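Student:
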Amino acid sequence: GQGANSALEDVAVLQRCLEAGDDDVAIAASAFTAARAEDARALVRTSRSFDFPGPLGTARFLVPLLLDVQLNKLAPALFSPPMLRALQDERNTFLGLRQRKRLERTVLVSLVG
102 GQGANSALED VAVLQRCLEA GDDDVAIAAS AFTAARAEDA RALVRTSRSF
152 DFPGPLGTAR FLVPLLLDVQ LNKLAPALFS PPMLRALQDE RNTFLGLRQR
202 KRLERTVLVS LVG
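In the working numbering, each number is its position in the sequence shown, counted from 1, plus 101.
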């Protein structure tokens, strides 16, 4: 899943941080935290948003998914694919997708309202 993909990204980033810090663990740890903390927080928030129990939880998962599918079909330049599909594109980050979806929801509210 996305957690495993994120772990692999963490390994690559940590390796770059160790190389950039001449294998100084303290420097590498600080650089790694700066590089990955926000995206890790976004991953946790995104994961939790998919995981509510019961019928309301199912609705909270399906309604945005179906809405995103339709909006992306109607106006692909304005609305990105659903989060689960967008996560399959390695160019996307969890943080970037969360920010994009928040912006799209704002645009949608302004268009409807």
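We put the beta carbon where it would ideally sit given N, CA and C, even for glycine. All of these numbers come straight from a predicted model, not from anything done at the bench.
#1: Among residues of its own chain, excluding the 5 on either side of M184, which ones have a beta-carbon nearer than 8 Å to its beta-carbon?
#2: Within the same chain, show all residues whose beta-carbon is closer than 8 Å to that of T194, passing over the 5 residues directly before and after it, in chain order.
#3: Nearest-angstrom Cα distance between D125 and L188?
#4: Does the count of Cβ pairs from the region 128 to 139 and the region 112 to 119 closer than 8 Å reach three?
#5: Please report how far the alpha carbon of V114 lies from the alpha carbon of G214, in whole angstroms.
#6: What is the DSSP secondary structure of T194, reduced to helix, strand or coil?
#7: Within the continuous alpha helix (DSSP H) that includes D169, where are the two ends?
#8: What residue range is occupied by the uninterrupted alpha helix (DSSP H) comprising L179?
#9: Given 8 Å as the limit, tell me if M184 has its C-beta closer than that to any heavy atom belonging to the ligand FAD.
#10: Would you identify the three-state DSSP class for L185, choosing helix, strand or coil?
Tutor: Reading from the atomic positions:
#1: Here residue 184 refers to the residue found at position 83 of the sequence shown. Answer for M184: T147, P165, L166, D169, L198 and K202, listed in chain order.
#2: Locating residue 194 in the sequence shown gives position 93, where the first residue counts as 1. Result list for T194: D140 and A143, in chain order.
#3: Against the sequence shown, residue 125 aligns to sequence position 24. Against the sequence shown, residue 188 aligns to sequence position 87. Straight-line Cα distance between these residues: approximately 33 Å.
#4: yes
#5: Walking along the sequence shown from the start, residue 114 turns up at place 13. Walking along the sequence shown from the start, residue 214 turns up at place 113. Their backbone Cα atoms lie some 43 Å apart in a straight line.
#6: Here residue 194 is taken as the residue at index 93 of the sequence shown, counted from 1. T194: coil per DSSP, three-state reduction.
#7: The residue you call residue 169 lines up with position 68 of the sequence shown. Here the alpha helix (DSSP H) through D169 covers G155 to L175.
#8: Residue 179 sits at position 78 when you count from the first residue of the sequence shown. Where L179 is concerned, there is no enclosing alpha helix (DSSP H), given that its DSSP letter is neither H nor E.
#9: In the structure shown, the ligand FAD is absent, as is every other ligand, since no ligand is present at all.
#10: Within the sequence shown, the letter at position 84 stands for residue 185. Helix at L185.
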